[in-house]
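Going by my numbering, the sequence shown opens with residue 716, and the numbers climb by one from there.
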Amino acid sequence: MTPAASTPTTPEAGTALRERLVGRVAARLAPVLRGTSSVLVQGAPELAPRELARALAARLASEVVARPLSEARGAGADALLDEAGEDACLLLEQDVDDAGSACLAVLDRAGERGIAPLVIVVAACDEPVPEELTRVFHAVLDEAMLLVVDEDLVDLVEELSDVVARHQLLTLTGGVVDLVLAVLEDGPGAPGTETGLARRTAEAAWGRAVGPTRDAAETVAAAWAERVHARVLAEPVLHLHAFLPVLSPWSVARLATRVLGREVDVEEVELVERSSGLLAGDLPFRSFPPLLAAQLCRLTRETDPALAARLRRDLTDACTDPETDLPARAVITILVGH
């Protein structure tokens, strides 16, 4: 195994660490994709879908032809196939809406020629994967599949040689590539290693406070939150997740029914969680990465302080009502955090 590196202190070291981490995620995912003819890689930019798609393509084929997806439509499909070898991978970055039909067009033309290139379509966006595309592509790597897991972090840097430190890092970041790297960038003496990482993990578990200064991780999370906050705010059940610890859909449904003043069943919660494109994690239940949740809460307080205050008040009332029947840990977390 390659010896663990130190936490990066220069831009060059940070780039090298990024390449190593993306390479590890790709190495773990590649065996699952062998033998497939079409793959969709889609997730928020913070999940590094483009870099992961390139790394996967390099592992799965000896030749990679990368083009915008728009060039694969119509006669463009023939031109791409003329350029690519028989065992090539066509890496197509989505710049048009009809990803499914464009992919099928390439595969149909390839079939007519008697060849079977691997087609990878990559989309860096905040939207969830449309259900119809899950029926077009043989494999779909969405926001849940693109997350960093423990085995990707083993000995990545010296500070992650301990399983507890890796668990804390994944808890804090939700396994999002850019957040993981940003926390590591904050480096020794800042929130990101040893006691600093433990402190930040505790803060994430017990509340949604954001300090007056921003380090690298908070800067990444803030930019992400500012981009998606309006969409999150427009979906009350999704927005409520930002103010909650990790809970089962059953607990979320009970709280949402009380806080939103209407019946919210488990099926609605599960649908929101599946279709958000933002909630993921290697835990049994989906949640926002805590760093992102903290910034979403901050934006709600800044843009609509009355709504933020009402949510905190109603959550406190709901979780202390015995009829809500929440796990004790969740009640304590909500009370301390709000």
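All C-beta atoms, glycine included, are put in the ideal place defined by N, C-alpha and C.
On a predicted model such as this, the values are computed, not experimentally measured, just so you know.
Could you round the C-beta distance between Leu771 and Ala817 to whole angstroms and report it? I think they count as a contact, below 8 Å.
The Cβ separation is near 19 Å, so there is no contact.
Name, in chain order, the residues that DSSP records as bridge partners for Ser963.
Looking at the DSSP assignment, Ser963 forms no beta bridge with any residue, so it has no partner.
Alpha carbon to alpha carbon, how far is Leu833 from Leu767? Give it in angstroms, no decimals.
Cα to Cα, the separation comes out at about 15 Å.
Threshold first: 3 residues or longer. Then list the beta strand (DSSP E) segments lying entirely within the segment 767-808, N to C.
If we require 3 residues or more, the beta strand (DSSP E) runs fully inside the segment 767-808 come out as 779-783, 804-808.
Quick check: the Cα distance between Val961 and Val967, rounded to an integer number of angstroms?
Their backbone Cα atoms lie some 9 Å apart in a straight line.
Identify the residues that DSSP records as bridge partners of Leu1060: which are they?
In the structure as shown, the chain begins at 716 and stops at 1053. Residue 1060 is therefore absent and cannot be evaluated.
CA-CA distance, Ala995 and Cys840?
Rounded to whole angstroms, Ala995 to Cys840 spans 15 Å at the Cα level.
Measuring alpha carbon to alpha carbon, tell me which of Leu975, Ala936, Val1046, Trp965 ends up nearest Leu993.
For Leu993, the nearest C-alpha among the options comes from Ala936.
Would you decide whether Pro903 is buried or exposed? Buried here means 16 or more other CB atoms lie within 10 Å of its CB.
Note that Pro903 scores 49 on pLDDT, short of 50, meaning its location in the model is unreliable; the coordinates nonetheless yield the value given after this. It counts as exposed.
Please report how far the alpha carbon of Pro683 lies from the alpha carbon of Leu899, in whole angstroms.
Residue 683 is absent from the structure shown; the chain starts at 716 and stops at 1053.
Could you check the C-alpha separation between Arg735 and Gln757 for me, to the nearest Å?
So the two alpha carbons sit approximately 21 Å from each other.
Give the DSSP-derived three-state secondary structure of Ser990 in the structure shown.
Ser990: helix per DSSP, three-state reduction.
Quick one: what's got a C-beta closer than 6 Å to Leu1041's C-beta in the same chain, skipping five residues either side?
Only Ser966, Cys1034 meet the Cβ criterion.
What residue from Val754, Val780, Ala825, Leu755 has the CA that sits closest to Glu789's CA?
Note on identity: in this sequence residue 789 is Gly, with Glu being the wrong assignment. The residue with the shortest Cα to Cα distance from Gly789 is Ala825.
Excluding five sequence neighbours on each side, which residues of the same chain lie with their C-beta closer than 7 Å to the C-beta of Arg733?
Excluding residues within five positions, the ones whose Cβ falls inside 7 Å are Leu896.
Looking at the structure shown, is Gly922 part of a helix, part of a strand, or coil, going by DSSP?
Unreliable placement is indicated for Gly922, whose pLDDT of 49 sits below 50; the coordinate value is still reported in the next sentence. If DSSP states are grouped into helix, strand and coil, Gly922 belongs with coil.
Count the other C-beta atoms from every protein chain shown that fall within 10 angstroms of the C-beta of Glu847, then say buried if there are 16 or more, exposed otherwise.
The residue in question, Glu847, is exposed, as its Cβ has fewer than 16 Cβ neighbours within 10 Å.
Ser721 to Leu784, Cα distance in whole Å?
Interpretation of Ser721 is limited by its pLDDT of 49, a score under 50 that renders its predicted location unreliable; the figure taken from the coordinates is listed afterwards. The alpha-carbon atoms of Ser721 and Leu784 are separated by roughly 39 Å.
Taking buried to mean at least 16 other C-beta atoms within 10 Å of its own C-beta, is Pro1005 buried or exposed?
Classification for Pro1005: buried.
Would the C-beta of Arg774 count as close to the ligand ZN, meaning under 8 Å from any of its heavy atoms?
The model depicted lacks the ligand ZN and carries no ligand whatsoever.
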